[in-house]
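The numbering used here puts the first residue of the sequence shown at 2, with every later residue one more than the last.
A virtual CB, placed ideally from N, CA and C, is assigned to each residue, including glycine.
No experiment lies behind these values; they were computed from the predicted model shown.
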Amino acid sequence: DWSSDVCSSDLGGEVRLNSGKAFNAQAAAAPTSSGGFVAAWPRYDRALGANGWDIVSRSFDANGSPLGVLNTVNTFTANNQHSPSIAATKDGFITIWTSENQDGSKEGIFGRALDANGKPSGDEFAVNTMTDGSQIHGVVVSDGSKEGLAAWSSYGSIQSGMDLVAQRLAAVAPALPTPDRKSTRLN
Numbered sequence: 002d003w004s005s006d007v008c009s010s011d012l013g014g015e016v017r018l019n020s021g022k023a024f025n026a027q028a029a030a031a032p033t034s035s036g037g038f039v040a041a042w043p044r045y046d047r048a049l050g051a052n053g054w055d056i057v058s059r060s061f062d063a064n065g066s067p068l069g070v071l072n073t074v075n076t077f078t079a080n081n082q083h084s085p086s087i088a089a090t091k092d093g094f095i096t097i098w099t100s101e102n103q104d105g106s107k108e109g110i111f112g113r114a115l116d117a118n119g120k121p122s123g124d125e126f127a128v129n130t131m132t133d134g135s136q137i138h139g140v141v142v143s144d145g146s147k148e149g150l151a152a153w154s155s156y157g158s159i160q161s162g163m164d165l166v167a168q169r170l171a172a173v174a175p176a177l178p179t180p181d182r183k184s185t186r187l188n
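Structure representation (structure tokens):
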């Protein structure tokens, strides 16, 4: 029950996810079985000569202390990667994000598996199968198995206007989700 009593309780205070002086925004997080969490967010580091925003991830313990180093999740580094979503799976996590000009037509939804420590595992993959127009504002959920569901806004790919579409994700190898290639229009 998410009553005001529960939501107003201090469960340890705020923790800083990022470090250094890079630009950071739009954090997403998913809990671990040990009480910690894995977070993913867009980061732009001018000091590294970045071409745009990249998606990074990091694991944290139950006290909010970072575990390990910051990981770059996306492998496509041209343009901007932003608006991540993350969900826990049986073997780790899955994160998706919006990537500009990667699918050949404006924005697309891309993803990658993360291991139980929040480190990238397997290859980056396309979530959307229709590439006309813009695919933006993706979210991913999982029931804790090796499967998940991604949903996003699609502009100009199914009907005129903005549609909401979804794609089932299933692992074909440990911690490597791939789309089943069936997009479904949600009414």
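Measuring straight from C-alpha to C-alpha, what distance separates residue i and residue j?
| i | j | result |
| --- | --- | --- |
| Gln-168 | Arg-59 | 26 Å |
| Ala-40 | Ala-31 | 7 Å |
| Gly-162 | Tyr-156 | 6 Å |
| Glu-101 | Ser-84 | 11 Å |
| Ala-28 | Thr-73 | 14 Å |
| Pro-175 | Lys-22 | For Pro-175, the predicted structure reports a pLDDT of 37, less than 50, and the residue's modelled location is therefore unreliable. The matter cannot be settled from this model. |
| Gly-145 | Phe-24 | 32 Å |
| Arg-186 | Ala-48 | Residue confidence is low: Arg-186 scores 48 on pLDDT, short of 50, so the model does not pin down where it sits. Its coordinate-derived value is still stated next. For Arg-186 and Ala-48, the distance between alpha carbons rounds to 42 Å. |
| Gly-36 | Ser-66 | 12 Å |
| Asn-19 | Ser-143 | 25 Å |
| Pro-43 | Arg-17 | 15 Å |
| Gln-170 | Gly-149 | The question names Gln, but residue 170 in the sequence shown is Leu. So the two alpha carbons sit approximately 5 Å from each other. |
In the DSSP assignment, find the unbroken beta strand (DSSP E) run with residue i in it and report its ends.
| i | result |
| --- | --- |
| Leu-71 | 67-73 |
| Val-140 | 135-143 |
| Thr-99 | 93-101 |
| Leu-150 | 148-156 |
| Gln-27 | Gln-27 -> no beta strand (DSSP E), and no H or E assigned at all. |
| Val-39 | 38-45 |
As a quick exercise: from the options, pick the residue whose alpha carbon is nearest that of residue i.
| i | options | result |
| --- | --- | --- |
| Val-70 | Pro-121, Glu-108, Asp-104 and Val-141 | Pro-121 |
| Ser-154 | Val-141, Gly-145, Ser-146 and Gln-103 | Val-141 |
| Asn-118 | Thr-90, Trp-98, Ile-97 and Arg-44 | Thr-90 |
| Gly-14 | Val-128, Leu-170, Asn-64 and Thr-96 | Asn-64 |
| Ala-88 | Arg-17, Asp-164, Val-16 and Ala-151 | Ala-151 |
| Lys-147 | Asp-116, Asn-129 and Ile-137 | Asp-116 |
Does at least one heavy atom of the ligand ZN sit under 7 Å from the Cβ of residue i?
| i | result |
| --- | --- |
| Ala-117 | Looking at this structure, you won't find the ligand ZN or any other ligand, since it has none at all. |
Assuming residue i and residue j are in contact, meaning their beta carbons sit under 8 Å apart, how far apart are those beta carbons, in whole angstroms?
| i | j | result |
| --- | --- | --- |
| Ala-114 | Gly-139 | Ala-114 to Gly-139, Cβ: 15 Å. No contact. |
Taking three-plus beta-carbon pairs below 8 Å as touching, is the stretch 67-82 in contact with the stretch 129-145? no
At least 3 beta-carbon pairs within less than 8 Å: the stretch 44-54 vs the stretch 102-113: no
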